[in-house]
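Visitor: Residue numbers (the working numbering), protein chains in the order written: chain B, 1 to 446; chain U, 1 to 446; chain L, 1 to 169; chain R, 1 to 169. Okay, handing you the structure first.
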Amino acid sequence: MFKRVLVANRGEIALRVIRACRELGIETVAIHSEADASGLHVRAADAKVCVGPADSSLSYRNIPNVLSAAEITGVDAIHPGYGFLSENAHFAEVCESIGIKFIGPSSENIALLGDKAKAREIVAKRGLPVTPGSPGELRSEEEALQAAKQIGFPVIIKAIAGGGGRGMRVVSRVEDLSRAFQAAQAEAKSTFGNDGVYLERYFLEPRHIEVQIMADQHGRVVHLGERDCSIQRRHQKLVEETPSPVVDEKLRREMGRVAIEAVKAAQYRNVGTVEFLLDKDKNFYFMEVNTRIQVEHPITEMVTGIDLIKEQIRLAAGHPLAIRQQDVVLTGHSIECRINAEDPEKFTPSPGTITRYGPPGGFGVRVDSAMESGSTVVPYYDSMIAKLITHGRDRQESMARMKRALGEFTIEGIKTTIPLHHRILEDPDFQKGHVSTTFLERFLAR
Amino acid sequence: MFKRVLVANRGEIALRVIRACRELGIETVAIHSEADASGLHVRAADAKVCVGPADSSLSYRNIPNVLSAAEITGVDAIHPGYGFLSENAHFAEVCESIGIKFIGPSSENIALLGDKAKAREIVAKRGLPVTPGSPGELRSEEEALQAAKQIGFPVIIKAIAGGGGRGMRVVSRVEDLSRAFQAAQAEAKSTFGNDGVYLERYFLEPRHIEVQIMADQHGRVVHLGERDCSIQRRHQKLVEETPSPVVDEKLRREMGRVAIEAVKAAQYRNVGTVEFLLDKDKNFYFMEVNTRIQVEHPITEMVTGIDLIKEQIRLAAGHPLAIRQQDVVLTGHSIECRINAEDPEKFTPSPGTITRYGPPGGFGVRVDSAMESGSTVVPYYDSMIAKLITHGRDRQESMARMKRALGEFTIEGIKTTIPLHHRILEDPDFQKGHVSTTFLERFLAR
Amino acid sequence: MPEIANEPIPEASLTGGSGKQIQELIDLLRRNNLTELEFESHGTRIRVRHEAPVKATTTVVQESVPTSPQQPTHSASTTTSVPETAIGFLTVTSPIVGTFYRSPSPDADAYVEEGDSVKKGQVLCIVEAMKLMNEIESEVDGRIVKILVENTKSVEYGQALFLIDPKAV
Amino acid sequence: MPEIANEPIPEASLTGGSGKQIQELIDLLRRNNLTELEFESHGTRIRVRHEAPVKATTTVVQESVPTSPQQPTHSASTTTSVPETAIGFLTVTSPIVGTFYRSPSPDADAYVEEGDSVKKGQVLCIVEAMKLMNEIESEVDGRIVKILVENTKSVEYGQALFLIDPKAV
């Protein structure tokens with residue numbers, strides 16, 4: 001096992017990783033920008049290194065400084081968290097070359113699956129269901145038009161290097177295709193530095209269902225059930241739950257099997273997530289593989305009892321999977337609400353000092369956050385300041401507990417999305433589980 | 001189901017009950033003494049009534065004022081928590097007579113099982129194992145001497161109305177019996193207003209193992225496994241865990257069977273706890289039944305997923321048990337550390353204002369507390385200010401998580417027993433599970 | 001199980017009443033030539049000091065009072081407690097939890113009205129608890145300055161019921 | 001996996017160094033006739049103000065500095081940043097994370113000693129990062145007042161390395 005791990009991230013996920021390391025008896029080194037010098041994740045670590053100014057491209061994403069920090073503190077592994085360098089194949093490769101273990105998949109895994117069109121190709125070749133779409137990158141408007149006609153409108157144009165909804169365009173009519181193609185290319189270029197785009201059928205009211213997998217060095221893979229992440233605003237997840245209200249045991253087994261085959265096709269290692277789109281008739285289509293730990297991983301932990309960060313570290317250290325598929329038992333139901341420092345109606349960021357921070361407690365309530373009274377929410381990074389997670393014997397109890405916990409959560413000094421979550425939890429459609437990725441848009445328009 | 005419940009308690013257990021009610025959609029009324037007017041449990045409730053001055057005999061234990069508070073707020077049930085009026089048969093009886101449901105067993109149950117000697121008698125008559133001892137109350141020194149000779153020294157003299165270690169005397173030699181008998185009687189009289197005492201064999205290094213049960217109105221009973229509460233200081237529990245490191249599946253089934261038979265013998269209803277003494281050879285003996293929810297109930301909740309307070313309320317409302325014995329699945333391991341406002345070495349109370357309160361968080365960590373930054377720990381009541389509970393896949397993970405969580409717990413302004421818990425968790429005997437009720441005494445003498 | 005009463009349940013907010021209390025205190029301060037007012041934000045303890053030529057006493061106002069200052073009773077007496085306050089008025093507080101009645105029966109006249117002079121031992125009101133009618137008597141001679149609770153409303157322990165001016169007999 | 005280095009890992013405490021910093025600031029304040037010192041407890045931002053006859057500038061000292069004041073660099077320059085401080089000294093900070101060397105090789109003499117005069121462009125030290133030796137040059141003429149880091153120690157981004165007095169050429 002590793003003796004000392006550098007946590008190349010900030011905020012709640014850095015603290016999450018530090019907690020897991022502490023429980024495993026591993027020392028931790030925090031990195032931080034000048035803006036985060038007093039952060040809880042910095043104080044929680046055994047050591048800390050300032051790696052640059054507030055701008056993350058000069059600090060948290062600054063590969064030379066992050067690796068120098070790893071060298072001067074003598075760590076044997078780096079945990080990248082999510083975002084920042086977590087899906088940077090080059091960074092993973094440099095780590096490998098200097099003998100510091102990157103806690104995640106191999107750089108080849110990241111490079112391969114980071115190309116979304118290529119990933120779909122590999123999975124489709126195995127005979128697994130992928131969203132109908134162009135076989136790979138679209139090289140011209142001609143190709144785009146041909147592909148769209150074959151698939152049928154509406155279609156969605158996506159960036160190959162994409163993520164977070166950037167570089168996407170939905171096209172309903174053939175005459176809009178040309179302009180959308182150019183716009184998507186331009187946005188992909190400016191956002192990701194790569195103008196490659198591809199095209200898929202656009203589903204109306206689909207669900208976003210993803211399957212958590214774990215794979216060891218020996219090629220063994222298990223899945224830990226699904227997460228329903230259909231409540232999204234501009235492709236940013238807000239509320240996640242597991243099990244999905246529409247996935248039954250049979251469908252779970254089938255999606256799990258496809259997820260395992262998909263990552264086996266890519267010779268994937270470590271933990272990862274296979275994203276699917278589920279249509280109204282419960283047909284599911286492979287979308288992509290996320291090669292990092294995800295924000296919403298806690299709900300899977302709550303229903304499986306498996307600490308995903310610890311497993312991620314153990315797998316990276318070369319340990320074989322300790323469990324088989326039949327050992328995975330899903331108990332109860334779990335929901336996560338992402339609490340953002342934003343105006344709950346206009347979604348404008350609300351940085352500032354938290355004058356009073358009082359997290360909820362009691363049975364079935366978990367809070368993952370690096371905030372405390374007096375913390376400052378700086379404007380340079382993601383606005384998520386806390387994840388509120390509840391667990392109950394069933395969806396009913398899990399929801400009742402979430403409402404209770406949201407009511408207890410005190411955050412003063414800044415605006416947060418807690419009121420929005422209250423409203424979502426009170427929504428009759430949400431309560432019945434009748435949601436899709438278009439739910440929130442309609443909900444907010446009311 | 002009830003519409004509005006009065007919570008006749010304070011602090012963490014009052015907040016615990018309010019949380020359960022909120023999740024069940026039940027309105028809550030808090031009562032409070034003048035010393036607790038600004039307490040978190042008071043603000044968390046839907047309504048509040050001041051029932052007297054700081055002295056609990058004039059407020060929380062003041063039956064006329066508590067019942068008047070119930071009447072003027074129109075509640076249909078009262079939850080007594082633990083301590084105060086929770087094991088007061090007279091209070092339960094008055095509640096019954098005025099048509100307000102007492103959330104707990106019947107007044108007859110409380111009266112019967114409150115007489116510890118009588119309870120042992122009933123259980124012994126069923127052929128169940130009880131600690132060898134006098135058949136009932138000792139009426140004279142003569143009777144005490146005879147019983148002690150028959151059982152064999154050492155013996156322990158206990159108050160019939162006892163609890164919390166008051167009125168107990170261990171006697172190793174026949175010549176010490178007379179003085180101990182008189183002293184125990186006097187202490188029983190002054191503490192409980194009843195000088196009845198009885199006598200039992202005194203075991204060296206026994207474990208305190210208790211079994212949680214739930215019983216409905218139809219006489220059906222299930223048990224939820226055991227709790228090992230051997231870490232005690234002066235008969236006050238400090239650390240509890242489940243499962244016990246020494247109880248295997250076979251012993252658990254056997255203790256569970258005896259616990260169920262014991263409460264069936266008393267026609268018991270609602271939740272309760274059957275306390276056993278377990279000797280070094282794994283023989284177990286019935287000690288008594290606690291007719292209330294207990295401080296350490298959360299660890300059972302963590303491994304069963306069952307919300308005991310909600311079940312208690314449902315059972316009191318006349319609902320039948322929703323589960324059968326085979327539905328009870330114990331998953332993982334849970335520990336509770338009671339955090340007291342005390343000097344961690346001298347155990348002197350440390351009341352005062354908590355200038356900074358920062359509870360730990362993350363996976364597998366639960367905090368039950370009514371404290372927050374700025375809270376005042378008043379000197380009039382119990383010194384317990386928080387229960388820190390962890391859950392893990394096994395005892396190893398549960399302990400590692402507890403150490404991690406204790407390290408994160410920030411309470412400034414007063415002294416707490418957190419440093420003591422750190423030391424206990426680091427103790428090799430504790431880590432191996434080699435403990436008994438005498439552990440802490442030896443541990444503190446080191 | 002009994003019917004749920006239709007009365008609104010008392011307000012749960014802790015801060016709801018304190019603004020009003022402070023204003024009242026300031027007014028009293030002006031009227032009575034008080035010199036000091038302390039305010040502690042946590043625990044909401046308000047302290048008023050009177051540096052009068054004769055003697056200076058202190059009244060502690062706690063937040064559980066919905067509309068007016070009160071004097072908590074720490075004695076175990078079963079009747080009312082009327083310690084002298086700094087501002088010269090005496091507060092009659094409820095020694096029990098129950099329902100406040102201003103008259104012995106719905107049709108009868110009120111025991112007292114604002115402005116009435118009362119004698120020591122005179123019944124001021126009834127607080128009903130557990131079907132028992134507890135008569136609350138005045139412990140001093142004086143004049144009723146204010147009746148602080150409406151007829152038939154619930155009162156909690158220590159809640160202020162009357163303000164009496166003992167100087168205005 | 002590489003061997004674990006035997007060097008002690010940097011101190012984790014956030015408050016450990018600030019006492020020292022404050023003392024240093026107070027000393028500097030006295031020596032330089034500064035008039036104001038602001039201290040914010042959360043975020044531990046310390047602010048020193050100088051109402052000098054000519055001009056008043058401000059130096060912001062952040063707690064990530066283990067032993068001395070520093071000047072954070074927000075420019076993306078790859079060499080040192082030496083803005084003028086209020087107290088008349090310039091702080092040379094590390095633009096990268098790495099290991100601090102005072103000489104080009106273990107046997108060689110140090111580039112500079114305390115008290116030495118230095119010219120603009122003169123190499124002051126090396127910070128090694130990823131096996132690359134980065135020479136840190138002075139951006140001004142002046143005298144080395146203090147060398148703030150020991151030879152071969154690790155330095156983080158923005159850490160103060162030298163104090164230079166530009167007036168004492």
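Even glycine gets a Cβ: it sits at the ideal position worked out from N, Cα and C.
If I'm right that S38 of chain U touches V51 of chain U with Cβ under 8 Å, what's the distance once you round it to whole angstroms?
Guide: Residue mapping note: residue 38 of chain U aligns to position 38 of the second sequence, counting from 1. Residue mapping note: residue 51 of chain U aligns to position 51 of the second sequence, counting from 1. 16 Å between Cβ atoms; not a contact.
Visitor: Name the chain U residues that come within less than 9 Å of G332 of chain B, Cβ to Cβ?
Guide: As a first step, residue 332 of chain B must be located in the first sequence, where it is residue number 332. Going along chain U in sequence order, the residues near G332 of chain B (Cβ under 9 Å) are G305.
Visitor: Beta-carbon of L321 of chain U versus every beta-carbon of chain B: anything under 9 Å?
Guide: In the second sequence, residue 321 of chain U corresponds to position 321, counting from 1. Not closer than 9 Å to any Cβ of chain B, the Cβ of L321 of chain U fails to qualify, so no.
Visitor: Is H42 of chain L helix, strand or coil by DSSP?
Guide: By 1-based counting over the third sequence, the position of residue 42 of chain L is 42. Reliability fails at H42 of chain L, whose pLDDT of 36 lies under 50, so the model's placement of it is uncertain and no value is given.
Visitor: Is it true that the segment 222-229 of chain B meets the segment 8-16 of chain U, where meeting means three or more beta-carbon pairs spaced less than 8 Å apart?
Guide: No contact exists between the segment 222-229 of chain B and the segment 8-16 of chain U.
Visitor: Drop a sphere of 10 angstroms on the beta-carbon of A322 of chain B, count the other beta-carbons inside from all chains shown, and report buried for 16 or more, exposed for fewer.
Guide: Taking the first sequence and counting its residues from 1, the one referred to as residue 322 of chain B is at position 322. Per the 10 Å Cβ criterion, exposed.
Visitor: Since T304 of chain B and V271 of chain B are thought to touch, with beta carbons under 8 Å apart, how far apart are those beta carbons, to the nearest angstrom?
Guide: Numbered from its first residue, the first sequence carries residue 304 of chain B at position 304. Numbered from its first residue, the first sequence carries residue 271 of chain B at position 271. About 12 Å separates the two Cβ atoms, so there is no contact after all.
Visitor: The segment 127-144 of chain R: which residues have C-beta closer than 8 Å to a C-beta of chain B, in chain order?
Guide: Going along the segment 127-144 of chain R in chain order, one finds A129 and M130 with a Cβ nearer than 8 Å to chain B.
Visitor: Rank B:E205, B:K125, B:S97 and B:S140 by C-alpha distance to the C-alpha of E441 of chain B and give the top, closest one.
Guide: Here residue 441 of chain B is taken as the residue at index 441 of the first sequence, counted from 1. Among B:E205, B:K125, B:S97 and B:S140, the Cα nearest to that of E441 of chain B is on B:E205.
Visitor: Against chain L, does V377 of chain U count as a neighbour if the rule is that its beta carbon must be under 9 Å from one of theirs?
Guide: In the second sequence, residue 377 of chain U corresponds to position 377, counting from 1. It does not; no Cβ of chain L falls within 9 Å.
Visitor: Could you work out which residues of chain R lie near A69 of chain B, taking near to mean beta carbons separated by less than 8 Å?
Guide: Taking the first residue of the first sequence as 1, we reach residue 69 of chain B at position 69. Neighbours of A69 of chain B on chain R, chain order: V97 and E156.
Visitor: Where does the unbroken alpha helix (DSSP H) through F181 of chain U begin, and where does it stop?
Guide: Taking the second sequence and counting its residues from 1, the one referred to as residue 181 of chain U is at position 181. Note, F181 of chain U: alpha helix (DSSP H), L177 to F192.
Visitor: Is the beta carbon of V197 of chain U closer than 9 Å to that of G256 of chain U?
Guide: In the second sequence, residue 256 of chain U corresponds to position 256, counting from 1. In the second sequence, residue 197 of chain U corresponds to position 197, counting from 1. The answer is no: Cβ separation not under 9 Å.
Visitor: Indicate whether at least one CB of chain U lies closer than 9 Å to the CB of Q159 of chain L.
Guide: Against the third sequence, residue 159 of chain L aligns to sequence position 159. Yes, its Cβ sits closer than 9 Å to a Cβ of chain U.
Visitor: Within 9 Å of any Cβ in chain L, is that where the Cβ of G392 of chain U sits?
Guide: Stepping through the second sequence from its first residue, residue 392 of chain U is reached at position 392. So, not an interface residue.
Visitor: To which residues of the same chain is P349 of chain U closer than 7 Å at the C-beta, ignoring the five residues directly before and after it?
Guide: As a first step, residue 349 of chain U is located in the second sequence; it is residue number 349 there, counting from the start. Answer for P349 of chain U: A341, E342, P379 and S383, listed in chain order.
Visitor: Is A259 of chain B closer than 9 Å to I213 of chain B when the C-beta atoms are compared?
Guide: Numbered from its first residue, the first sequence carries residue 213 of chain B at position 213. Numbered from its first residue, the first sequence carries residue 259 of chain B at position 259. The answer is yes: Cβ separation under 9 Å.
Visitor: Do you know how far the Cα of G193 of chain B is from the Cα of K158 of chain B?
Guide: If you number the first sequence from 1, residue 158 of chain B lands on position 158. If you number the first sequence from 1, residue 193 of chain B lands on position 193. Taking the straight line joining both Cα atoms gives about 14 Å.
Visitor: Measure from the C-beta of M1 of chain U to each C-beta in chain B and report whether the shortest distance is under 9 Å.
Guide: If you number the second sequence from 1, residue 1 of chain U lands on position 1. No, M1 of chain U lies away from the interface with chain B (no Cβ there is under 9 Å from its Cβ).
Visitor: List the residues of chain B that S369 of chain U touches, going by C-beta distances under 8 Å, in chain order.
Guide: Residue numbering aside, residue 369 of chain U sits at position 369 when the second sequence is read from its first letter. Simply G361.
Visitor: Rounded to the nearest angstrom, what separates F181 of chain B and A144 of chain B at their Cα positions?
Guide: Within the first sequence, residue 181 of chain B is the residue found at index 181, counting from 1. Within the first sequence, residue 144 of chain B is the residue found at index 144, counting from 1. The alpha-carbon atoms of F181 of chain B and A144 of chain B are separated by roughly 8 Å.
Visitor: Using a Cβ-Cβ cut-off of 9 Å, state whether I418 of chain B counts as contacting chain R.
Guide: Reading the first sequence from its first residue, position 418 is the one you call residue 418 of chain B. It does not; no Cβ of chain R falls within 9 Å.
Visitor: Measuring CA to CA, which of B:R233, B:G219 and B:F286 is closest to H421 of chain B?
Guide: For the purposes of this step, residue 421 of chain B is taken as the residue at position 421 of the first sequence. The shortest C-alpha separation from H421 of chain B is found at B:R233.
Visitor: What does a CB cutoff of less than 6 Å around G433 of chain U pick up in its chain, not counting 5 residues either side in sequence?
Guide: Locating residue 433 of chain U in the second sequence gives position 433, where the first residue counts as 1. So the list reads P245, once near-sequence residues are dropped.
Visitor: Along the chain, where does the alpha helix (DSSP H) containing G407 of chain B start, and where does it finish?
Guide: For the purposes of this step, residue 407 of chain B is identified with residue 407 of the first sequence, where counting begins at 1. G407 of chain B -> alpha helix (DSSP H) spans R395 to E408.
Visitor: Counting along the chain, where does the beta strand (DSSP E) carrying G98 of chain R start and finish?
Guide: Here residue 98 of chain R refers to the residue found at position 98 of the fourth sequence. Run containing G98 of chain R: G98 to Y101, per the beta strand (DSSP E) assignment.
Visitor: Is the segment 77-97 of chain U in contact with the segment 408-426 of chain U, if contact means three or more CB pairs nearer than 8 Å?
Guide: No: the two stretches stay apart, fewer than three of their Cβ pairs being nearer than 8 Å.
Visitor: For T73 of chain L and chain U, any beta-carbon pair shorter than 9 Å?
Guide: The sequence position of residue 73 of chain L within the third sequence is 73, counting from 1. Its pLDDT being 34, under 50, T73 of chain L is placed unreliably in this model, and the value from its coordinates should be taken loosely. Chain U, which has a Cβ nearer than 9 Å to the Cβ of T73 of chain L, makes this yes.
Visitor: Do you know whose CA, among B:N283, B:L85 and B:E288, lies nearest I160 of chain B's CA?
Guide: On the first sequence, position 160 is the one that residue 160 of chain B refers to. The candidate whose alpha carbon is nearest that of I160 of chain B is B:E288.
Visitor: Does R356 of chain B get closer than 9 Å to chain U when you measure Cβ to Cβ?
Guide: To locate residue 356 of chain B, count along the first sequence from 1; it is residue 356. It does: the Cβ of R356 of chain B has a partner Cβ on chain U nearer than 9 Å.
Visitor: By the DSSP assignment, the beta strand (DSSP E) with N134 of chain L in it spans what residues?
Guide: Counting from 1 along the third sequence, the entry for residue 134 of chain L is found at position 134. That run of the beta strand (DSSP E) goes L132 to E137.
Visitor: If you count every other CB in all the chains shown that lies within 10 Å of the CB of T291 of chain U, and 16 or more means buried, which is it?
Guide: Against the second sequence, residue 291 of chain U aligns to sequence position 291. So T291 of chain U ends up on the buried side.
Visitor: In its own chain, which residues sit with a C-beta less than 7 Å from the C-beta of G318 of chain U, not counting the 5 before and 5 after it?
Guide: Your numbering for residue 318 of chain U matches position 318 in the second sequence. These residues qualify, in order along the chain: Q217.
Visitor: Under the three-state reduction of DSSP, which class applies to D327 of chain U: helix, strand or coil?
Guide: The residue you call residue 327 of chain U lines up with position 327 of the second sequence. Residue state, collapsed to three classes: helix.
Visitor: Using a 10 Å radius around the Cβ and a threshold of 16 neighbouring Cβ atoms, would you call E142 of chain U buried or exposed?
Guide: As a working note, residue 142 of chain U is residue 142 in the second sequence. When all chains shown are included, E142 of chain U counts as exposed.
Visitor: By the three-class DSSP mapping on this structure, what secondary structure does M371 of chain U have?
Guide: In the second sequence, counting from the first residue as 1, residue 371 of chain U sits at position 371. It is coil, neither helix nor strand.
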